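**Student:** My structure is below; once you've seen it, I'll send some questions.
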């Protein structure tokens, strides 16, 4: 048996301002069952997770040894997390027809190497994508890195309508009972959802001309914890409002990924706040908490069942030819909640 | 009894680029014993500690509520830490002739309000100034904030020939036994002392045209802990070399105090390292560890006695009229070790 697969390769790593035509290239491959090695499977990809981090994996300016995972080099297939259905298996743990979650490729069919599969999909595939990536980031950012407790009065979340931010706001409000949750997002429509659906007490549009004043007005008692998915101007403003011993949790830096070379976001006055107010800034990668994934997914699943944490998703249908457009959507902030590409058959 | 005192006032808070004539004003006051309130003393000032933080207390750009102590406003007397001899006392704990350490003023004689005195001077007044300010910053920065242990292989110290840096390097090498201590300073003469006297394995001159390459060459195995007294370019370089879970301890930012408005020191690539390498950046003020001062001063005193930590001082003689020049000396980096003004009688 043989499958004709279409797969996106990285033609040339990109600097700032992603141009998908220059960066990616679609190739056609034959995947033959006879070529499978022990432990490998052939998978039909059904859902691709769109994550900001993917943009960083193909940035020319990256220094390879300073990334948390190998970059994707020129001529290598583009990777992602996602869900696929096994169509051929030489792995005794997985049978034909199994839906699995793990590392996949930008492709319609692919061979999954040993170790790519994390788990079988327990229910709705878009749930596990949302929980297993953004949910975990929100969970460990709040619980482990931020060590947030109900004693914390004011929490600010940047990129609050995004995949991680929308869950962060809801856990802060509905699980931890934080009194004052401030979300920052990039449109009035997103801001409306922040307060109506995601548990924010105040929502701020960072594109508003009065954003700086709005930010100050929204944090009259200063900030205990700043959950940062964005970096840039919002981070600079937040540093000027942190309480003594305030914590800044760095989960992402989406404003940086497509504009790497711009400098000067953190001003000197706000840097000095780190000293004056004994601020702690700390970054993390969810994989450092791998031993606690089961517990975290259990908690998140329960909260979702109870309706305390709504998994906000934006699933868009795409033919394999259109897959790179998902990265553009993310960088333009066109999503609310977790952006997921649902692969549909092309005409 | 009455004393004619000369005291420096802040005429006008200053922005960038300190001009001492515009900023300070010397006034003459009569201090009368009869005016002393209960608990007050009249003191003859003998040693004034020159600390970078004093520069920040008079910066126009400061937002008052964002400082760790009240700024010194226009028309108020300039403050400092230092040693004085009590000449008149209405405080039962302190007698005429006592040498005391605590908050003083830029003056030859002054009235010390209740609570200004921290302790009687146990020995050489310049020792307690060095230990009680810079020594404590080095101690708590390493031991408490950085939580440095001999497991840490590489430590980088900025402003390493300065008052805090010189002690930090020695504790790291001679007490904690850190394998690779890298000090950064601003002249070849300072660099020579770093390796010969202060325990550094490598010393780097940040004014050298090859500094960036030198920095990379000096940290081939990356950095466990960066003890930062400087901020700016050195911080940016260090962030690019931190190990997984590396710690950046922010003790000071001397490169910022006289050039507040310049932006753009922390570049985007190095900020993203906070995420990729799970870096923790943390600031502190020694007073947050006040309960541990006695233990810390005991340890530091013992290490000094044993010759493991040499207290590096630069004591300069000044008439009261020349006191503001000490601040200039610090900002220009003219000191090695703790800069202390010894007040001498005018001609």
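Protein chains in written order, with the working numbering: chain A, 1349 to 1695; chain B, 1349 to 1695.
All C-beta atoms in this analysis are idealised placements derived from N, C-alpha and C, irrespective of residue type, glycine included.
Just so we're clear, the structure is a prediction, and the values are computed from it rather than from any experiment.
In whole angstroms, what separates the C-alpha of residue 1455/A from that of residue 1538/B?
**Tutor:** So the two alpha carbons sit approximately 59 Å from each other.
**Student:** Taking 8 Å as the CB-CB cut-off, is residue 1619/B touching chain A?
**Tutor:** Closer than 8 Å: yes.
**Student:** Quick check: the Cα distance between residue 1368/B and residue 1354/B, rounded to an integer number of angstroms?
**Tutor:** Residue 1368/B and residue 1354/B: Cα-Cα distance of roughly 16 Å.
**Student:** Taking all protein chains shown into account, decide if residue 1672/B is buried (16 or more other Cβ within 10 angstroms of its Cβ) or exposed.
**Tutor:** Counting Cβ neighbours within 10 Å, residue 1672/B comes out buried, since at least 16 surround it.
**Student:** Compile a chain-ordered list of the residues in the region 1623-1642 of chain A whose CB is closer than 9 Å to at least one CB of chain B.
**Tutor:** Here the close residues are 1623, 1624, 1625, 1626, 1627, 1628, 1629, 1630, 1631, 1632, 1633, 1636.
**Student:** Is the separation between the beta-carbon of residue 1530/B and that of residue 1566/B shorter than 8 Å?
**Tutor:** In contact: residue 1530/B and residue 1566/B (Cβ atoms closer than 8 Å).
**Student:** What's the call for residue 1385/B, buried or exposed, on a 16-neighbour Cβ count within 10 Å?
**Tutor:** Its Cβ having fewer than 16 others within 10 Å, residue 1385/B is exposed.
**Student:** Measure the alpha-carbon distance for residue 1475/A versus residue 1607/B and round it to whole angstroms.
**Tutor:** Rounded to the nearest angstrom, the two C-alpha atoms are 51 Å apart.
**Student:** Spatial neighbours of residue 1534/A within its chain, please: C-beta separation below 8 Å, excluding the five flanking residues on both sides.
**Tutor:** Hits under 8 Å: 1509, 1553, 1554, 1555, 1681.
**Student:** Given that residue 1588/B touches chain A, what residues does it touch there, using C-beta distances under 8 Å?
**Tutor:** Here the neighbours are 1411, 1414.
**Student:** Return the residues of the region 1598-1617 of chain A that lie within a Cβ-Cβ distance of less than 8 Å from chain B, sorted by chain order.
**Tutor:** Going along the region 1598-1617 of chain A in chain order, one finds 1598, 1599, 1600, 1601, 1604, 1607, 1608, 1609, 1610, 1611, 1612, 1613, 1614, 1615, 1616, 1617 with a Cβ nearer than 8 Å to chain B.
**Student:** Just to confirm the assignment: which complete beta strand (DSSP E) runs, minimum length 3, are found wholly within the region 1654-1678 of chain A?
**Tutor:** With a minimum length of 3 residues, the continuous beta strand (DSSP E) runs that stay inside the region 1654-1678 of chain A are 1661-1666.
**Student:** Assuming residue 1622/A contacts residue 1598/B under a Cβ cut-off of 8 Å, what Cβ separation, rounded to an integer in Å, is found between them?
**Tutor:** With 8 Å as the limit, residue 1622/A and residue 1598/B qualify as a contact, their Cβ atoms being about 5 Å apart.
**Student:** Taking only three categories from DSSP, how would you classify residue 1548/B?
**Tutor:** Residue 1548/B: coil per DSSP, three-state reduction.
**Student:** Using a Cβ-Cβ cutoff of less than 8 Å, which residues in the same chain neighbour residue 1374/A once the five nearest sequence positions on both sides are dropped?
**Tutor:** Taken in chain order, the residues that qualify are 1354, 1355, 1356, 1357, 1668, 1669.
**Student:** Could you pull the DSSP bridge partners for residue 1405/A from this structure?
**Tutor:** Paired residues: none, contrary to the question.
**Student:** Output needed for residue 1631/B: all residues of its chain with C-beta closer than 6 Å, excluding positions within five of it in sequence on either side, in chain order.
**Tutor:** The answer, listed in chain order, is 1598.
**Student:** Pull up the CB-CB distance for residue 1453/B and residue 1428/B, whole angstroms please, since I reckon it's below 8 Å.
**Tutor:** About 7 Å separates the two Cβ atoms, so the contact holds.
**Student:** Find the nearest neighbour of residue 1689/A within the set 1417/A, 1473/A, 1446/A, judged by alpha-carbon distance.
**Tutor:** Among 1417/A, 1473/A, 1446/A, the Cα nearest to that of residue 1689/A belongs to 1473/A.
**Student:** Note down, in chain order, every chain A residue with its Cβ under 7 Å from the Cβ of residue 1565/B.
**Tutor:** Correct list: empty, because the minimum Cβ distance to chain A is about 15 Å.
**Student:** Put residue 1566/A into one of helix, strand or coil per three-state DSSP.
**Tutor:** Three-state result, residue 1566/A: helix.
**Student:** Label residue 1620/A either buried or exposed according to how many other C-beta atoms from any shown protein chain fall within 10 Å of its C-beta, with 16 as the threshold for buried.
**Tutor:** Its Cβ being crowded by 16 or more others within 10 Å, residue 1620/A is buried.
**Student:** By the DSSP assignment, the beta strand (DSSP E) with residue 1581/A in it spans what residues?
**Tutor:** Where residue 1581/A is concerned, there is no enclosing beta strand (DSSP E), although the alpha helix (DSSP H) it sits in stretches over 1581-1587.
**Student:** Out of 1571/A, 1586/A, 1614/A, 1532/A, state which residue places its alpha-carbon closest to the alpha-carbon of residue 1496/A.
**Tutor:** Ranking the options by Cα distance to residue 1496/A, first place goes to 1571/A.
**Student:** Mapping the DSSP letters down to three states, classify residue 1485/A as helix, strand or coil.
**Tutor:** Three-state result, residue 1485/A: helix.
**Student:** May I ask you to report which of helix, strand or coil DSSP gives residue 1349/B?
**Tutor:** Note: residue 1349/B maps to coil in three-state DSSP.
**Student:** For residue 1482/B, which residues in the same chain have their Cβ closer than 7 Å to its Cβ, ignoring the five residues on either side in sequence?
**Tutor:** Closer than 7 Å at the Cβ level, and outside the excluded window around residue 1482/B, lie 1511, 1512, 1515, 1686.
**Student:** Leaving aside the five residues before and after residue 1478/A along the sequence, list all residues of the same chain whose C-beta is less than 6 Å from its C-beta, in chain order.
**Tutor:** Hits under 6 Å: 1659, 1661, 1686.
**Student:** Does the Cβ of residue 1430/B have 16 or more other Cβ atoms within 10 Å, making it buried, or fewer, making it exposed?
**Tutor:** Answer is buried; the Cβ neighbour count reaches 16.
**Student:** How is the alpha helix (DSSP H) around residue 1620/B delimited, first residue to last?
**Tutor:** 1616-1624 is the extent of the alpha helix (DSSP H) around residue 1620/B.
**Student:** Judging by CA-CA distance, which residue of 1653/B, 1451/B, 1637/B, 1626/B is the nearest neighbour of residue 1397/B?
**Tutor:** Nearest option by C-alpha distance: 1451/B.
**Student:** So, are the CB atoms of residue 1416/B and residue 1379/B less than 8 Å apart?
**Tutor:** No. Outside cutoff.
**Student:** Does any CB atom of chain A fall closer than 8 Å to the CB of residue 1485/B?
**Tutor:** No, residue 1485/B does not count as interfacial toward chain A.
**Student:** Consult DSSP for residue 1415/B and reduce its assignment to one of helix, strand or coil.
**Tutor:** Of the three classes helix, strand and coil, the one that applies to residue 1415/B here is coil, per DSSP.
**Student:** Could you check what DSSP says for residue 1384/A in three-state terms: helix, strand or coil?
**Tutor:** Residue 1384/A falls in the coil class under three-state DSSP.
**Student:** Nearest-angstrom Cα distance between residue 1421/B and residue 1527/B?
**Tutor:** Cα to Cα, residue 1421/B sits roughly 46 Å from residue 1527/B.
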